[in-house]
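Engineer: After the structure tokens below, expect a handful of questions from me.
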Amino acid sequence: MDSGRLLFDSPSTSSSRSGLILLGSAKSDFQGFQGLRSAVAGSTEASGAFKIRPFFTSKYEIYEGFPSEKKRRLTSEQIRMLERSFEEENKLEPERKSELAKKLGLQPRQVAVWFQNRRARWKNKQVERDLDLLKASYDALLIDHDALIKDNEHLRSQVNLLLEKLQEIEKGASEPSRLNPADQAASSTDDLLMPLSIHQKVEDLLSTGSGGNASAGKPESRLPVEPLLLESGGHHAGIHCEDDMSDKGYNHCRDGVFTGHHHKLLQQQHEAALLIQWLDRVESTLLH
DNA sequence: TCCGTCAAGAAGTGCC
DNA sequence: GGCACTTCTTGACGGA
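Going by UniProt numbering, 102 is the number at position 102 of the first sequence; the sequence numbering is gapless.
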């Protein structure tokens with residue numbers, strides 16, 4: 001270790017480490033002196049709270065007057081004032097820069113660099129926060145998605161059950177002697193005939209389970225196209241499309257494969273619920 | 001106590 | 001002049 005080392009008191013640094021600043025390491029005695037000069041100059045004007053330790057040697061005086069400066073830690077007082085200024089406005093106009101530099105005993109360039117780095121740190125923190133939000137949003141969507149799949153399976157089994165019942169009823173109804181005239185009249189109404197579009201949906205639901213794509217090109221469905229949130233069975237755990245970062249180029253809710261699939265599941269669930277309602281109506285009309 | 005490692009911050013560089 | 005990226009310095013910390 002070199003013999004020339006300067007320590008001066010600095011209340012603390014922004015990184016909560018010791019307030020000591022060491023200058024003049026073995027590998028950079030020469031540069032160390034530059035740092036000493038700037039450090040002393042800065043601290044003198046900023047807080048005046050520094051002292052040169054006894055073991056500081058006159059070795060550095062050889063280099064006195066050398067123009068360049070070594071980087072050094074800012075004092076806690078300087079950082080406190082810079083932070084306060086940053087909170088007011090994170091951009092720095094030339095006037096404010098000069099004023100701050102004068103007040104803190106720093107070069108205007110140092111103040112500009114500090115603001116530059118501070119903005120970068122703030123942005124990094126912001127990206128971390130955004131990432132956390134995105135993860136939470138994804139987890140909620142995943143839970144909702146799983147719940148929808150379970151609901152869909154349940155509804156499809158109900159549709160199967162009701163279709164079996166319907167087939168039994170239709171068998172019975174084909175025997176004329178077992179129906180009274182009123183029932184025959186009722187069974188002949190359009191209301192009890194399965195609409196072609198719904199029939200197609202049933203086939204889709206039961207064969208592919210993929211949400212009715214097979215009906216493309218078939219007669220237009222009476223079922224609503226937009227995804228509807230069913231009052232029963234849907235969990236829909238708070239998926240929001242808050243574009244609160246649009247000015248930064250982020251969007252939490254970009255359309256993608258996953259959300260597209262989710263959309264289909266919702267639609268499929270709604271169609272199945274309509275089908276069950278219709279089958280219930282047919283069943284009750286035929287039986288009672 | 002020394003040494004290596006690491007994180008944080010000050011400053012340099014190049015691009016727009 | 002701002003920004004992204006990089007380099008360099010500092011100081012803390014743990015292990016030998």
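Note that beta-carbon positions come from the ideal geometry of N, C-alpha and C, so glycine has one too.
Cα-Cα, which of A136, L266, L82 and E164 is closest to Q110?
Structural biologist: L82
Engineer: Excluding the five sequence neighbours on either side, which residues of its own chain have a C-beta within less than 8 Å of the C-beta of L279, listed in chain order?
Structural biologist: Excluding residues within five positions, the ones whose Cβ falls inside 8 Å are V159, L162, L163, K165 and L166.
Engineer: According to the neighbour-count rule (16 or more other Cβ atoms, all chains shown, within 10 Å of its Cβ), is H270 buried or exposed?
Structural biologist: H270 should be labelled buried.
Engineer: Quick one: complete beta strand (DSSP E) runs, 3+ long, within the segment 108 to 150?
Structural biologist: none
Engineer: Tell me which same chain residues have a C-beta within less than 7 Å of the C-beta of Q107, skipping the five on either side of it?
Structural biologist: Non-local beta-carbon contacts of Q107 in its own chain, meaning distances under 7 Å to residues more than five positions away in sequence, involve A101 in chain order.
Engineer: So the candidates are K125, K150, N90 and N124; which of them puts its Cα closest to the Cα of W114?
Structural biologist: N90
Engineer: What residue does the alpha helix (DSSP H) around R84 start on, and which one ends it?
Structural biologist: S76 to E88
Engineer: Given that a residue counts as buried once 16 or more other Cβ atoms are within 10 Å of its Cβ, and exposed if not, what is D151?
Structural biologist: buried
Engineer: By a C-beta neighbour count over all protein chains shown, 10 Å radius and 16 as the cutoff for buried, is L142 buried or exposed?
Structural biologist: exposed
Engineer: Going along the chain, which residues of its own chain have a beta-carbon closer than 6 Å to the beta-carbon of R118, five neighbours each way excluded?
Structural biologist: Same-chain partners within the cutoff: F86.
Engineer: Please state if the CB of A120 and the CB of K97 are separated by a distance shorter than 8 Å.
Structural biologist: no
Engineer: What is the C-beta distance between L74 and L148, in whole angstroms, given that I count them as a contact (C-beta under 8 Å)?
Structural biologist: Contact flag wrong, Cβ pair sits at about 55 Å.
Engineer: Since S98 is in the alpha helix (DSSP H), which residue starts that stretch and which ends it?
Structural biologist: P94 to L104
Engineer: Let me know if D146 comes out buried or exposed under the rule of 16 or more other beta-carbons within 10 Å of its beta-carbon.
Structural biologist: exposed
Engineer: Verify whether the separation of the beta carbon atoms of R156 and A273 is less than 8 Å.
Structural biologist: no
Engineer: Distance check for D139 and R129, CA to CA, integer angstroms please.
Structural biologist: R129 and D139: Cα-Cα distance of roughly 16 Å.
Engineer: Are the CB atoms of Q126 and L104 within a distance shorter than 8 Å?
Structural biologist: no
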